[in-house]
Every structure is written in C-alpha cells, then in structure tokens.
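Right, one structure below, let's go through it.
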Amino acid sequence: MDMEAVIGLEIHVELNCTAKMFCSCPNRPGDDPNRNTCPICLWFPGALPRFNAEALEKASLIALGLNCTLQPRSAFDQKVYYYPDLPKGFQLSQAHLPLARNGWLEIAGEDGSPKRLRIHKIHMEEDVARLVHEMEGRTPVSLVDFNRAGVPLVEIVTEPDLRSPHDAMEFVRALRTQIRHIGAAECSMEAGTMRVDANISLRPKGTDQLNTKVEVKNMNSIRHVGDAVAHEIERQGAALAAGEAIVLHTRLWDPEKRVTLPMRGKFEGPCVPDPTVPPIVIDKSWREALVARLPEMPAKKAERFKAEYGLTADEAVFMSVERDQAEYFEALVGLQVSPRTAAHWLATQLLPALRERGQSPAETPVTPARLAALLAMLEREEINANAARTVLARLFDSEKDPATIVAEEGFRQVSDGDELEGIVRQVLAAHPAAVADYHGGAAKAVGFLIGQVMQASKGKANPKRVREILTAALAAGR
166 MDMEAVIGLE IHVELNCTAK MFCSCPNRPG DDPNRNTCPI CLWFPGALPR
216 FNAEALEKAS LIALGLNCTL QPRSAFDQKV YYYPDLPKGF QLSQAHLPLA
266 RNGWLEIAGE DGSPKRLRIH KIHMEEDVAR LVHEMEGRTP VSLVDFNRAG
316 VPLVEIVTEP DLRSPHDAME FVRALRTQIR HIGAAECSME AGTMRVDANI
366 SLRPKGTDQL NTKVEVKNMN SIRHVGDAVA HEIERQGAAL AAGEAIVLHT
416 RLWDPEKRVT LPMRGKFEGP CVPDPTVPPI VIDKSWREAL VARLPEMPAK
466 KAERFKAEYG LTADEAVFMS VERDQAEYFE ALVGLQVSPR TAAHWLATQL
516 LPALRERGQS PAETPVTPAR LAALLAMLER EEINANAART VLARLFDSEK
566 DPATIVAEEG FRQVSDGDEL EGIVRQVLAA HPAAVADYHG GAAKAVGFLI
616 GQVMQASKGK ANPKRVREIL TAALAAGR
C-alpha cells in the first residue's frame, strides 16, 4: 500500500522586543546567567504581570505578514506543567483564544509550481528559563538560567498540509524570510531565536484520515528539519510495514547519528484562563494602522524587481530575500548603478565579503555610496575588474574614498594605445611559439598572450583594449 506523510509544524519565534513579555527586564538572553530577572519573571508571591505592548505590536505584524486574520479578542491561559525551567508551575500562553487564525504561506513545490500551505493559528506566549547541564567533577548537575524566562514568543501552528521534507524546509525558509522583512524577530535557528517542532504521521495515499502522530524536536537548522522529517517518515514506514503500532510521543533529532530518538510520552496538562492579564481587544483603527506599517513582502518585491529593473527571476528572488540586502540593492540603483551590475556585484563580491566578516548590508562600512563610486570608476574604465575587487577589500578597512585608494596604490587602468602597443610588441616577441600556434589555428593562444600582457602591465592594462590591439597585431602578422 502506498503511504504518504502528513506533516504539521509548530514554530516558536522569539520577538526582538526591548523587554520581556510581562515585566521590564531586558530581553537579552545572551547576558551573564540570571542577570535579567525580577520578582515577576521569577514569579515571587504577590508579583503581577504587566503586559508588553511592543510584544503585541510585533506579534500582530507577524500575523498580518503571514496573511492571518487578527482576532477581535484574544486572552492568556495558564498552561500547567511542572519542570525546573518554569518555577511558577504554569506558562502564560494563548491556548483557547489565540491572537490570529487562518493564514497561509506560498512556497515552491518540488515540481517548481506554487504551493499554498495553511497556517492554523498564531498565538503569543512567554518563553521558559534555560536549563544548563554541566559536570561538577564526575557528578552531572543541571543549572537554571532565568534570563530567558518571560521572553516574548509567538508560536505559529500550521495545518497538516505538508507532505515531504522539501515542504517542511521551504516553509521554514519562507517563514524566516517573511518575519525578517517585517523586522519583528531575528529568526536564527542556530542561536535559538526560532525553534521548529514537526508532527509527522503516515496514512494510505489518497485518503483523508489522520493517524497517530509523532513529534520531533531539537532541529537547529533548516537542513536538520529536512533530515529529521525524512528519517521519521522512513522509521514510521518501516514500523507500519512490520505491523508495529505508532505510539503518540516526542522524539529528539540526533544530528550526529542522523536518527530520531525517543524522548518522552506526549502529555497535555490542564489549561485554564489566566485572571491576571486582561483580554486583548483589537479594534479596526488599530489594525489598519498596523497594516500601513507592513513593509513590502519578499514575493511582491521580487516581482517588482523583475518588472522595474529587468532582473531575471533568480536574480530578483535573491536580491529580495533579505530586507537589508534589498534596500542596499535599491540604494545602489538609485546612485546610477545599472541594476544588473548592482545585482552582480552584490551577489558575487560584497555579500561573500560580508559573510566572511560577520557583517550585514546595514552595518558594513562599504556603504552604497562608496560601492557606487567604485563601480562608476569601473564603468568609466578607469580601473579594471581585478583592481575593483582589490579596492573593494580595501574599503572594509579604510575610510578613504575609492578614487583616493586607486590613486595612492596605482590601480588606475592603462588604456593608452601607444603604451599598450609597446607592451603587446614585447610580449609577441617574447613568445613566438604562441604566435605560431595562433597562426596555426589554435585560437586559445590569444588567451595566453592576453594573460602575458596583463602580467607585463602588472594587472593595470585595460583587457578590452589589450584584446583589440593584440588581435590587430596578430592579424597583421606582427
């Protein structure tokens, strides 16, 4: 019997708010342990939560950006469970009345065609503390860091519309892109500001039944999401083929062994309305004001880049995938750099250099104005491409403008005909075998000779003029 996977995702995203969800403690989980705490996030007796309006705004922007409907009324519940990372014994979460419902994201399916995946709901909740497991000598100990306790989260729960590891990876990738464009979260799986759980089951292909699912956790990259889902589909398929029952439980992904391992049974504790946080009521005018703040989303931006700047589909998608990257690209174009040149230099030169240095387009010292000045010199053939790449590297460590660097370091391109003709004559005289090869029909000899001219000019010769002069000299038999 042919089986198909039924996959739903639960994705926790840490909002980049200044403060925690219910108190004024800084939202900086990376600080020294237990530095950012107070009676509220440590839940001392008598401490009452104070709701963070910034968290509501950013959560609502995410919901609108994911095509969800904001609910007129939402409220917090006490999700009860007992664990060392939750001292009060319950987590404040929107279990019964979530912030938003009925959204969707579009991805490219495995055949390349658009595929719409539905979002069941988005709700807000507070994060729990972080457990740190260490060794004291030979004794294992578990410590608790409460810096993360109370950090504002949204949980995005999909419908079980995903059918493959590809769907899961593309959904997470598209979700991350959308939320980063909105600016409400960093969405780094490696840093833990986005955490993905996958619920996976199998059913006979072509049916609508929902069978027992297994939850998989501990996937800290998009690639791990795909690998974990693929392994779990294979594991459940083998179990069903052997006549074994699938039991509801939670498993962990082990990236080293590349397997899922049993963690615990699935347990849902009681969940009751919380009396300390007032219900959230969203009116039409507040919602309309938020809609006006939404930036242009990546898919629309890519379409505009194709129509307005003549980029290919791949170029447009790549230029629009990150908001600061798209803004840098448009700033370059606004400084009279041709769109294709801007896209090429961003993709092949600037972005790789930024990754090496751990910088973003928004924070690099190579501003659009400085790069545009460099590319203008290249366009005017004052420097060649090799020199331009060298000057670009200098711009990261110098406050000087590109023209100054070119002048001081002698990068200006040699285009003078008389000077280049002299170099060409020297090269032809020094390499008679290559000249003979050319006249014997070996066209690749031209490339060798051009390389020798560039070397003789210490890389300063204008390659276009070199080819013209060299070709003319060879044709004349000189």
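The numbering used here puts the sequence shown at residues 166 to 643.
Ideal placement from N, C-alpha and C gives every residue a C-beta, glycine not left out.
Is residue i near residue j, with beta carbons less than 7 Å apart?
i    : j    : result
S235 : R452 : Before going further, note that residue 235 is Leu rather than Ser in the sequence given. Cβ atoms of L235 and R452: closer than 7 Å.
A160 : R328 : Lying before the first or after the last residue shown, residue 160 is absent from the chain, which here runs from 166 to 643.
E320 : H285 : no
A508 : L476 : yes
R200 : P444 : no
L497 : A467 : no
E179 : T358 : yes
K431 : L413 : yes
M652 : P317 : The chain is shown from 166 up to 643; residue 652 falls before or after that span and cannot be answered.
P533 : Y493 : yes
V130 : E433 : As displayed, the chain neither begins before 166 nor continues past 643, which places residue 130 out of reach and without an answer.
L455 : S189 : no
Q524 : L557 : no
A527 : D562 : no
P567 : L593 : no
R283 : D326 : yes
I411 : E335 : no
L516 : T529 : no
R429 : T415 : yes
V442 : F255 : no
Would you say residue i reaches chain D, if we count a Cβ-Cβ gap shorter than 7 Å as a contact?
i    : result
E169 : No chain D is present in this structure, which holds just one protein chain.
What residue range is occupied by the uninterrupted alpha helix (DSSP H) comprising residue i?
i    : result
A393 : I387 to A406
T569 : P567 to E574
E275 : First-last for E275: undefined, no H or E at that position.
I463 : As written in the sequence, residue 463 is Pro, which differs from the Ile given in the question. Start and end: P463 to Y474.
Please report the straight-line C-alpha distance between residue i and residue j, rounded to a whole angstrom.
i    : j    : result
D439 : C233 : 25 Å
K629 : V486 : 35 Å
C436 : Q259 : 10 Å
A491 : R535 : 17 Å
V589 : A610 : 14 Å
A595 : A607 : 18 Å
I227 : T569 : 45 Å
E473 : L308 : 55 Å
D167 : A407 : 15 Å
P305 : V531 : 48 Å
F613 : P504 : 33 Å
R193 : G277 : 40 Å
V618 : M462 : 49 Å
L270 : G575 : 52 Å
I447 : V482 : 34 Å
V337 : I398 : 18 Å
R295 : K471 : 45 Å
Q655 : R559 : This structure gives no information on residue 655, because the portion of the chain shown stretches from 166 to 643.
L213 : T372 : 49 Å
Looking at the unbroken beta strand (DSSP E) that takes in residue i, where does it start and where does it end?
i    : result
R577 : Where R577 is concerned, there is no enclosing beta strand (DSSP E), given that its DSSP letter is neither H nor E.
K173 : One detail in the question is off: residue 173 reads as Gly in this sequence, not Lys. M168 to E179 is the span of the beta strand (DSSP E), which, as asked, contains G173.
T415 : H414 to D419
A294 : First-last for A294: undefined, no H or E at that position.
M359 : M359 to P369
N627 : Unbroken run through N627: none, as it is neither H nor E.
K382 : V379 to M384
Next item on the list: Could you tell me whether the segment 262-269 touches the segment 202-220, using the rule of 3 or more Cβ pairs below 8 Å?
Entry: no
Note to self: Can you confirm whether the segment 288-298 touches the segment 233-252 when touching is taken to mean that 3 or more C-beta pairs between the two stretches lie within less than 8 Å?
What the structure shows: yes
Margin query: Check whether the segment 384-394 and the segment 354-369 touch, using three or more Cβ-Cβ pairs below 8 Å as the test.
Written below: yes
Notebook entry, point to check: Which runs of the beta strand (DSSP E) spanning at least 3 residues fall entirely within the segment 189-261, listed in chain order?
Noted result: 242-245 and 255-258
Next item on the list: Ignoring anything shorter than 3 residues or poking outside the segment 301-353, list the beta strand (DSSP E) runs there in chain order.
Entry: 304-310 and 317-323
Note to self: For a minimum of 4 consecutive residues, which ranges assigned as the alpha helix (DSSP H) are wholly contained in the segment 484-565?
What the structure shows: 488-499, 504-510, 516-522, 533-544 and 550-560
Next item on the list: Mind the definition here: the segment 387-396 touches the segment 418-435 only if three or more C-beta pairs lie below 8 Å; say whether that holds.
Entry: yes
Checklist line | Whole beta strand (DSSP E) elements within the segment 429-458, 3-residue minimum | finding: 436-438
Note to self: Quick check: the segment 374-381 against the segment 311-319, are at least 3 beta-carbon pairs closer than 8 Å?
What the structure shows: no
Margin query: Below 8 Å, how does it come out for the segment 178-198 and the segment 345-352: are there three or more Cβ pairs, yes or no?
Written below: yes
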